[in-house]
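Engineer: Residue numbering for the sequence shown follows the numbering used here, starting at 249 and increasing by one per position.
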Amino acid sequence: MKIQNVIRDINELAKQFDELKFMEVCGTHTQTIARCGIRQILPKNIKLISGPGCPVCVTSQYDIDAVIELALNGIHIATYGDMLRVPGTNTCLEQVRAKGANVRVVYSVEDCFKFKNLGNKTDDVVFFAIGFETTAPMTAYALKKNLAVYSVHKTVVPAMEALLKTGEIKIDGFINPGHVSVITGTKDYKKLKVPQVITGFEGIDVLAAILMLLRQLKE
249 MKIQNVIRDI NELAKQFDEL KFMEVCGTHT QTIARCGIRQ ILPKNIKLIS
299 GPGCPVCVTS QYDIDAVIEL ALNGIHIATY GDMLRVPGTN TCLEQVRAKG
349 ANVRVVYSVE DCFKFKNLGN KTDDVVFFAI GFETTAPMTA YALKKNLAVY
399 SVHKTVVPAM EALLKTGEIK IDGFINPGHV SVITGTKDYK KLKVPQVITG
449 FEGIDVLAAI LMLLRQLKE
(Lines of atoms letter the chains of each structure in order from A and count residues from 1; the text may use other names and numbers.)
(Lines give C-alpha, C1' and ligand atoms only; values in the text may rest on other atoms or scores of the structure.)
Protein backbone atom coordinates (compact mmCIF):
# COMPACT_ATOMS: atom_id res chain seq x y z
CA MET A 1 0.00 0.00 0.00
CA LYS A 2 1.67 3.21 -1.19
CA ILE A 3 1.19 6.26 1.00
CA GLN A 4 0.61 8.51 -2.04
CA ASN A 5 -2.27 6.31 -3.16
CA VAL A 6 -3.84 6.32 0.31
CA ILE A 7 -3.67 10.12 0.52
CA ARG A 8 -5.15 10.42 -2.99
CA ASP A 9 -8.04 8.10 -2.11
CA ILE A 10 -8.71 9.95 1.15
CA ASN A 11 -8.95 13.25 -0.71
CA GLU A 12 -11.29 11.79 -3.33
CA LEU A 13 -13.65 10.17 -0.81
CA ALA A 14 -13.64 13.20 1.49
CA LYS A 15 -15.27 15.28 -1.26
CA GLN A 16 -18.49 13.32 -0.70
CA PHE A 17 -18.89 14.50 2.90
CA ASP A 18 -19.30 17.64 4.93
CA GLU A 19 -17.17 17.91 8.08
CA LEU A 20 -16.17 14.59 9.63
CA LYS A 21 -14.67 14.05 13.06
CA PHE A 22 -12.59 10.97 13.76
CA MET A 23 -11.19 10.21 17.20
CA GLU A 24 -7.94 8.37 17.79
CA VAL A 25 -8.42 6.59 21.10
CA CYS A 26 -4.80 5.86 22.01
CA GLY A 27 -2.10 8.33 22.99
CA THR A 28 0.43 6.51 20.83
CA HIS A 29 -1.73 7.24 17.78
CA THR A 30 -1.84 10.89 18.87
CA GLN A 31 1.98 10.94 18.92
CA THR A 32 2.12 9.36 15.46
CA ILE A 33 -0.34 11.90 14.07
CA ALA A 34 1.76 14.76 15.44
CA ARG A 35 5.12 13.26 14.41
CA CYS A 36 4.02 12.52 10.85
CA GLY A 37 2.08 15.76 10.32
CA ILE A 38 -1.06 13.82 9.44
CA ARG A 39 -3.43 16.67 10.32
CA GLN A 40 -1.68 18.84 7.75
CA ILE A 41 -2.00 16.13 5.08
CA LEU A 42 -5.74 15.58 5.47
CA PRO A 43 -8.50 17.48 3.65
CA LYS A 44 -9.87 20.40 5.65
CA ASN A 45 -13.22 18.71 6.26
CA ILE A 46 -11.63 15.80 8.18
CA LYS A 47 -10.85 16.64 11.79
CA LEU A 48 -8.91 14.36 14.14
CA ILE A 49 -9.81 14.51 17.83
CA SER A 50 -7.58 13.08 20.54
CA GLY A 51 -9.40 10.65 22.81
CA PRO A 52 -8.92 9.25 26.32
CA GLY A 53 -5.40 8.01 25.63
CA CYS A 54 -3.95 8.61 29.08
CA PRO A 55 -5.19 6.48 32.00
CA VAL A 56 -3.08 8.54 34.39
CA CYS A 57 -5.00 11.73 33.58
CA VAL A 58 -8.34 10.23 34.58
CA THR A 59 -7.24 8.69 37.87
CA SER A 60 -9.51 9.96 40.64
CA GLN A 61 -8.37 12.02 43.62
CA TYR A 62 -9.96 9.38 45.84
CA ASP A 63 -7.48 6.76 44.64
CA ILE A 64 -4.50 9.11 44.90
CA ASP A 65 -5.53 10.03 48.45
CA ALA A 66 -5.89 6.36 49.40
CA VAL A 67 -2.38 5.50 48.19
CA ILE A 68 -0.93 8.58 49.87
CA GLU A 69 -2.54 7.42 53.12
CA LEU A 70 -0.85 4.04 52.73
CA ALA A 71 2.51 5.72 52.16
CA LEU A 72 2.11 7.96 55.20
CA ASN A 73 1.39 4.87 57.29
CA GLY A 74 4.68 3.20 56.42
CA ILE A 75 3.64 1.10 53.43
CA HIS A 76 6.22 1.03 50.64
CA ILE A 77 4.63 2.23 47.40
CA ALA A 78 5.94 1.16 44.00
CA THR A 79 4.49 2.87 40.94
CA TYR A 80 5.28 4.29 37.53
CA GLY A 81 6.82 7.75 37.36
CA ASP A 82 3.74 9.27 35.72
CA MET A 83 1.78 8.81 38.95
CA LEU A 84 4.04 10.86 41.22
CA ARG A 85 2.68 14.29 40.33
CA VAL A 86 -0.99 13.41 39.91
CA PRO A 87 -2.70 15.59 42.54
CA GLY A 88 -4.76 14.22 45.36
CA THR A 89 -6.98 16.45 47.48
CA ASN A 90 -4.11 18.15 49.30
CA THR A 91 -0.83 16.71 48.03
CA CYS A 92 0.73 14.18 45.67
CA LEU A 93 3.02 11.16 45.94
CA GLU A 94 6.07 13.18 44.95
CA GLN A 95 5.53 15.60 47.83
CA VAL A 96 4.99 12.90 50.45
CA ARG A 97 8.12 11.14 49.17
CA ALA A 98 10.07 14.36 49.70
CA LYS A 99 8.85 14.32 53.30
CA GLY A 100 10.18 10.81 53.90
CA ALA A 101 7.53 8.39 52.64
CA ASN A 102 8.95 5.39 50.80
CA VAL A 103 7.63 5.87 47.27
CA ARG A 104 9.72 4.33 44.52
CA VAL A 105 9.47 4.62 40.75
CA VAL A 106 9.46 1.31 38.88
CA TYR A 107 9.66 0.62 35.16
CA SER A 108 8.17 -2.86 35.26
CA VAL A 109 6.38 -5.22 37.63
CA GLU A 110 9.66 -7.08 38.11
CA ASP A 111 11.16 -3.95 39.66
CA CYS A 112 8.65 -4.23 42.49
CA PHE A 113 10.26 -7.45 43.64
CA LYS A 114 13.59 -5.69 44.13
CA PHE A 115 12.14 -4.46 47.42
CA LYS A 116 12.98 -7.94 48.70
CA ASN A 117 16.66 -7.21 48.11
CA LEU A 118 16.30 -4.09 50.25
CA GLY A 119 15.22 -6.16 53.21
CA ASN A 120 11.52 -5.42 52.86
CA LYS A 121 8.78 -7.99 53.19
CA THR A 122 6.59 -8.15 50.11
CA ASP A 123 3.59 -7.62 52.40
CA ASP A 124 4.91 -4.12 53.07
CA VAL A 125 5.04 -3.23 49.38
CA VAL A 126 1.99 -2.11 47.40
CA PHE A 127 2.19 -1.79 43.64
CA PHE A 128 0.07 1.21 42.55
CA ALA A 129 -0.85 -0.15 39.11
CA ILE A 130 -2.08 1.96 36.21
CA GLY A 131 -2.76 1.46 32.52
CA PHE A 132 -5.20 0.11 29.97
CA GLU A 133 -5.68 -3.53 29.02
CA THR A 134 -2.12 -3.77 27.71
CA THR A 135 -0.55 -3.47 31.17
CA ALA A 136 -3.18 -5.45 33.08
CA PRO A 137 -1.62 -8.89 32.34
CA MET A 138 1.63 -7.95 34.09
CA THR A 139 -0.33 -6.64 37.06
CA ALA A 140 -2.10 -9.99 37.17
CA TYR A 141 1.34 -11.62 37.20
CA ALA A 142 2.24 -9.52 40.25
CA LEU A 143 -0.86 -10.77 42.04
CA LYS A 144 0.03 -14.33 41.14
CA LYS A 145 3.42 -13.75 42.78
CA ASN A 146 1.64 -12.56 45.93
CA LEU A 147 2.48 -8.87 45.57
CA ALA A 148 -0.14 -6.49 46.98
CA VAL A 149 -1.70 -4.33 44.27
CA TYR A 150 -3.79 -1.15 44.31
CA SER A 151 -5.22 -1.20 40.80
CA VAL A 152 -6.52 1.82 38.93
CA HIS A 153 -6.47 0.12 35.55
CA LYS A 154 -8.91 1.51 33.01
CA THR A 155 -10.71 -0.19 30.14
CA VAL A 156 -10.91 1.45 26.73
CA VAL A 157 -14.42 0.67 25.47
CA PRO A 158 -16.36 2.11 28.45
CA ALA A 159 -14.42 5.35 27.98
CA MET A 160 -15.44 5.45 24.31
CA GLU A 161 -19.02 4.65 25.27
CA ALA A 162 -19.09 7.49 27.80
CA LEU A 163 -17.86 9.95 25.17
CA LEU A 164 -20.65 8.96 22.80
CA LYS A 165 -23.31 9.17 25.49
CA THR A 166 -22.44 12.74 26.49
CA GLY A 167 -23.41 13.97 23.04
CA GLU A 168 -21.05 16.91 23.47
CA ILE A 169 -18.84 15.82 20.58
CA LYS A 170 -20.05 14.40 17.28
CA ILE A 171 -17.80 11.44 16.51
CA ASP A 172 -18.10 9.93 13.05
CA GLY A 173 -15.56 7.17 13.60
CA PHE A 174 -12.91 5.79 15.94
CA ILE A 175 -9.31 4.80 15.25
CA ASN A 176 -8.74 1.97 17.72
CA PRO A 177 -5.39 0.78 19.12
CA GLY A 178 -4.00 -2.47 17.78
CA HIS A 179 -2.19 -3.59 20.94
CA VAL A 180 -5.26 -3.18 23.17
CA SER A 181 -7.46 -4.90 20.60
CA VAL A 182 -5.18 -7.94 20.49
CA ILE A 183 -6.04 -8.46 24.16
CA THR A 184 -9.72 -7.47 24.15
CA GLY A 185 -10.83 -8.70 20.74
CA THR A 186 -13.49 -6.83 18.75
CA LYS A 187 -16.74 -7.91 20.41
CA ASP A 188 -17.07 -4.95 22.80
CA TYR A 189 -16.38 -2.42 20.04
CA LYS A 190 -19.39 -3.59 18.05
CA LYS A 191 -21.92 -2.34 20.58
CA LEU A 192 -20.84 1.26 19.95
CA LYS A 193 -22.59 1.35 16.55
CA VAL A 194 -20.03 3.77 15.12
CA PRO A 195 -17.56 3.10 12.28
CA GLN A 196 -14.23 1.90 13.69
CA VAL A 197 -10.88 0.64 12.45
CA ILE A 198 -8.25 -1.18 14.49
CA THR A 199 -4.76 -0.27 13.33
CA GLY A 200 -1.06 -0.11 14.13
CA PHE A 201 1.07 2.88 15.01
CA GLU A 202 2.96 3.90 11.88
CA GLY A 203 1.87 6.91 9.86
CA ILE A 204 0.68 4.72 6.99
CA ASP A 205 -1.40 2.68 9.47
CA VAL A 206 -3.26 5.78 10.66
CA LEU A 207 -3.84 7.05 7.13
CA ALA A 208 -5.11 3.63 6.05
CA ALA A 209 -7.49 3.63 9.02
CA ILE A 210 -8.88 7.02 7.98
CA LEU A 211 -9.42 5.73 4.45
CA MET A 212 -11.22 2.66 5.78
CA LEU A 213 -13.45 4.85 7.97
CA LEU A 214 -14.40 6.91 4.91
CA ARG A 215 -15.26 3.73 3.02
CA GLN A 216 -17.43 2.51 5.90
CA LEU A 217 -19.29 5.82 5.98
CA LYS A 218 -19.80 5.70 2.22
CA GLU A 219 -21.40 2.27 2.57
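Every residue gets a Cβ at the ideal spot worked out from N, C-alpha and C, and that includes glycine.
(1) May I ask you to list the residues that DSSP assigns as paired with F422?
(2) Count the other C-beta atoms from every protein chain shown that fall within 10 angstroms of the C-beta of C360, then say buried if there are 16 or more, exposed otherwise.
(3) When the Cα atoms are used, what is the spatial distance from V442 to V254?
(4) For N259, I'd like the list of residues in its chain whose CB is within less than 8 angstroms of its CB, leaving aside the five on either flank, ordered along the chain.
(5) Hey, would you say V397 sits closer than 8 angstroms to T387, going by beta carbons?
(6) Mind pulling the beta strand (DSSP E) runs of 3 or more residues that sit fully within the segment 256-340?
(7) So I281 packs on L296, CB below 8 angstroms; how close in whole Å?
(8) Tell me which same chain residues have a C-beta within less than 8 angstroms of the C-beta of D420, skipping the five on either side of it?
(9) Among V430, K250, D372, which has the Cα closest to the Cα of E381?
(10) Three or more C-beta pairs closer than 8 angstroms, one from the segment 431-439 and one from the segment 296-308: is that the case here?
Structural biologist: Considering the structure as presented:
(1) Paired residue(s): M271, Q444.
(2) Buried, by the Cβ-count rule.
(3) A direct Cα-to-Cα measurement between V442 and V254 gives close to 22 angstroms.
(4) So the qualifying residues of the chain are P291.
(5) Contact check for V397 against T387 passes: the beta carbons are separated by less than 8 angstroms.
(6) Counting only runs of 3 or more, we get 268-272, 294-298, 324-327.
(7) The C-beta distance from I281 to L296 rounds to 6 angstroms, short enough to fall under 8 angstroms.
(8) Excluding sequence neighbours, D420 sits near L268, K269, F270, V442, P443, L461, L465.
(9) The option with the nearest alpha carbon to E381 is V430.
(10) The segment 431-439 makes no contact with the segment 296-308: fewer than 3 CB pairs, one atom from each, lie closer than 8 angstroms.
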